[in-house]
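Position in the sequence shown (first residue = 1) + 167 = this note's numbering.
All residues carry an ideal CB built from backbone N, CA and C; glycine is no exception.
Bear in mind that the values here come from a model prediction, so they are computed numbers and not experimental data.
First up is the structure itself, then whatever we jot down about it.
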Amino acid sequence: MANYKRMFLDGYSYFITVVTHNREPILIENINILRNSFRESKRYYKYDIEAICVLPDHFHMIITPFDVKDYPNIIKSIKYNFTTKYKINNDVSQSFSRHKKKMQPVWQKRYYEHTIRSQKDLYEKMEYIKNNPIKHGLVNVWNEWEYSSFMF
């Protein structure tokens, strides 16, 4: 696997996609855990969420970190907080299959990131996020999807 270098630029926003391991559809049924994971990460890292859309197996967001050095830690924090709470809440028994499931990762190791470099780029990414539930056949129109910042 090639070493991918992420580019961190002060004052920029980032379009990010984070996907669950094996595209397991766990996010909507655990939306409160995910929301709390964002709240927890914001206690330690300062950033604005410009747009977000959560789907069953991934989420897209545009964030603007106050300190660009925090950017990778923001994603790491969200993933870590969700994983910890998710595994606690879903560990009903200590059976072998549950134990094996507990050892499996919750997220794909890597995530997609794109630095927003213009107003046009920002608009295109906002539209992509807004319309993603339609693309995945979850709704017919964007404002029917309740797990999106465009609903507020």
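Cα atoms of M228 and N256: separation of roughly 25 Å, rounded to the nearest angstrom. By the CB criterion at 8 Å, A218 and S316 fall inside the cutoff. Contact check between the segment 238-254 and the segment 288-308: fewer than three CB pairs, one atom from each, fall below 8 Å, which does not count as touching. Look at E191 here: in three-state DSSP terms it is coil, with no helix or strand label. Of the candidates V235, K246, R210, K246 places its Cα closest to the Cα of Y278.
Between T187 and W312, the CB-CB gap reaches or exceeds 8 Å. Here Y279 carries a strand assignment [DSSP, helix/strand/coil]. The alpha-carbon of H303 is positioned some 19 Å away from that of N197.
Rounded to the nearest angstrom, the Cβ distance from Y181 to T282 is 6 Å, consistent with a contact under 8 Å. Rounded to the nearest angstrom, the gap between the Cα atoms of P192 and V221 is 11 Å.
No Cβ-Cβ contact shorter than 8 Å links P223 with L201. Rounded to the nearest whole angstrom, the CA to CA distance from F205 to S244 is 8 Å. DSSP lists H227, Y279 as the beta-bridge partner residues of T184.
Non-local beta-carbon contacts of L289 in its own chain, meaning distances under 6 Å to residues more than five positions away in sequence, involve I283 in chain order.
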